[in-house]
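Following this note's numbering, the numbering of the sequence shown begins with 70 at its first residue and continues without gaps.
All residues carry an ideal CB built from backbone N, CA and C; glycine is no exception.
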Amino acid sequence: MRQLNRGRHRGLGHLVLPQVRPGQARTVLILAAVLGLNGADQATVSATADNLKQAFQLTNTDVGLLVTVVALAGAALTLPVGVLTDRTRRTRLLALSIAAWSVATFCSGAALSYPWLLISRTLLGAVAATSGPTVASLTGDYFPAADRARVYGLILGGDLVGTGAGFILSGDISSALNWRFSFWWLVLPSLALAWAVWRLPEPARGGQRRLSRAGGDGPQAGGLAGDAVQRAGPAPDPAMVLRTGPAGRSLWWAIGYVLRVRTNLVIIGASALAYFFFAGLRSFAIIYATGHYGVTKPVASALLVVVGAGALGGVFAGGRLSDR
């Protein structure tokens, strides 16, 4: 019976995540759900924007500030959290952060004034800052390099799926019940997710650092990236070569070292522009569509889901192309 159940679980994982190797589907789904929770929360603000404006007499600027404080709090704490991620047990850190996130979400739904809501969102942003560096670090140690881009694309897809769920479910809940329940429905799933993350095994740091060739099981010293480097034959930059281990260096040294790599600057700039675009889309797309085109909120939410489906396909395709 146990073997039959295992076979069913493997079959379900293969059906949902056909690009993932056996035994990896559960971990991918849990990490994707962490990002999905954050996406659902941000979409909830947009889905309930009209209700919030009526309840607290807000302007569009006030609604935008609810999104901005989350981003600013997350940006301010991402670097310290990254250091903490390198020095603590990551699964425990992430699970505790999700539990604290559920408390902040409950407080957002219980807000009796705009300042109360703003403070709750600020605390939520501070807690949500843990998900980015922790999920990225765990992904690097859970999955071999040959599969990493493809798997990380699936995990990032969780953010888009969660955003779509937030638009649809939170919008319907605010129309049927109250805007407060649009936040509160996220509390129980977040607590269940915190329990699931707590039970994840902590992977060995650097355990998947070596590249494997084109999907092979055993670690190889070359791999696709290594072969490409050998063919190109680039000369190392003497100024960037580390003569000693970086473990004893300060945080500011690490920041300076990372920013001296031009590729990193391009990635940071592109990520910032993409974040600003999607944050604006999440925050005001429904308000704009309903106000400018006169469509109903369910129709506007459905249109955003179509946009999200296209983005989801791009993320999955990008992951597969990166591995090749």
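(Q) So, with DSSP's three-state summary, where would you put residue 254? (A) Of the three classes helix, strand and coil, the one that applies to residue 254 here is coil, per DSSP.
Q | C-alpha gap between residue 245 and residue 151, whole angstroms | A | About 40 Å.
Q: Please report the residue range of the alpha helix (DSSP H) in which residue 223 lies.
A: Secondary structure note for residue 223: its alpha helix (DSSP H) is the uninterrupted segment 214–234.
Q) Mind checking whether residue 133 and residue 198 have CB atoms under 9 Å apart? A) No. Outside cutoff.
Q: Within its chain, find whatever has a CB closer than 7 Å to the CB of residue 224; leave out the 5 residues flanking it on each side and keep chain order.
A: Leaving aside the five residues that flank residue 224 on each side, the residues in its chain whose CB is nearer than 7 Å to its CB run, in chain order, 97, 100, 101, 104, 204, 208.
Q. By a C-beta neighbour count over all protein chains shown, 10 Å radius and 16 as the cutoff for buried, is residue 202 buried or exposed?
A. Buried is the call here.
Q. Taking DSSP as the reference, what is the three-state secondary structure of residue 84?
A. Here the model assigns residue 84 a pLDDT of 42, short of 50, so the residue's position is not dependable and the matter cannot be decided.
Q) How would you call residue 123, buried or exposed, if buried means at least 16 neighbouring beta carbons within 10 angstroms? A) Answer is exposed; the Cβ neighbour count stays below 16.
Q) Which full runs of the alpha helix (DSSP H) of 4+ residues lie inside the stretch 91–169, going along the chain? A) With a minimum length of 4 residues, the continuous alpha helix (DSSP H) runs that stay inside the stretch 91–169 are 94–116, 118–125, 129–156.
Q) In the structure shown, what three-state DSSP assignment does residue 310 receive? A) Residue 310 falls in the coil class under three-state DSSP.
Q) What are the boundary residues of the alpha helix (DSSP H) that includes residue 242? A) In the DSSP assignment, residue 242 falls within the alpha helix (DSSP H) that extends over 240–245.
Q) Are residue 250 and residue 115 close, meaning C-beta to C-beta below 9 Å? A) With contacts defined as CB atoms closer than 9 Å, residue 250 and residue 115 fail to qualify as a contacting pair.
**Q.** Burial state of residue 333 (16 or more Cβ within 10 Å)
**A.** The residue is exposed, with fewer than 16 neighbouring Cβ atoms inside 10 Å.
Q | Reduced DSSP category for residue 203 - H, G, I as helix; E, B as strand; rest coil | A | Three-state DSSP puts residue 203 in a helix.
Q) In whole angstroms, what separates the C-alpha of residue 268 from that of residue 221? A) Rounded to whole angstroms, residue 268 to residue 221 spans 21 Å at the Cα level.
**Q.** Member of 341, 348, 349, 308 whose CA lies at the smallest distance from the CA of residue 329
**A.** Considering only alpha carbons, the answer is 308.
(Q) For residue 336, count the other beta carbons within 10 Å of its own beta carbon; 16 or more makes it buried, fewer makes it exposed. Which is it? (A) So residue 336 ends up on the exposed side.
Q) Going by C-alpha distance, which of 253, 226, 325 is nearest residue 108? A) Nearest C-alpha to residue 108: 226.
(Q) Here's the rule: buried if 16 or more other CB atoms are within 10 angstroms of the residue's CB, otherwise exposed. What is residue 347? (A) Around the Cβ of residue 347, a 10 Å sphere holds 16 or more other Cβ atoms; the residue is buried.
Q) Out of curiosity, what's the CA-to-CA distance linking residue 282 and residue 301? A) Reliability of the predicted coordinates at residue 282 is poor, the pLDDT of 42 falling under 50, and the value obtained from them is presented with this limitation in mind. One C-alpha to the other measures close to 18 Å.
(Q) Assuming residue 256 and residue 171 are in contact, meaning their beta carbons sit under 8 Å apart, how far apart are those beta carbons, in whole angstroms? (A) Contact flag correct, Cβ pair sits at about 5 Å.
Q. On the three-state DSSP scale, how would you describe residue 379?
A. Looking at residue 379 - three-state DSSP - the assignment turns out to be helix.
(Q) Nearest by alpha-carbon distance to residue 215: which of 206, 121, 165, 295 is it? (A) The option with the nearest alpha carbon to residue 215 is 295.
Q) Apart from the five residues just before and just after residue 73, which ones in its own chain have a Cβ nearer than 8 Å to its Cβ? A) Because residue 73 sits at a pLDDT of 42, beneath the cut-off of 50, its placement in the model cannot be relied upon, and the following sentence gives the value as read from the coordinates. Excluding residues up to 5 positions away in sequence, nothing lies with its Cβ nearer than 8 Å to the Cβ of residue 73 in the same chain.
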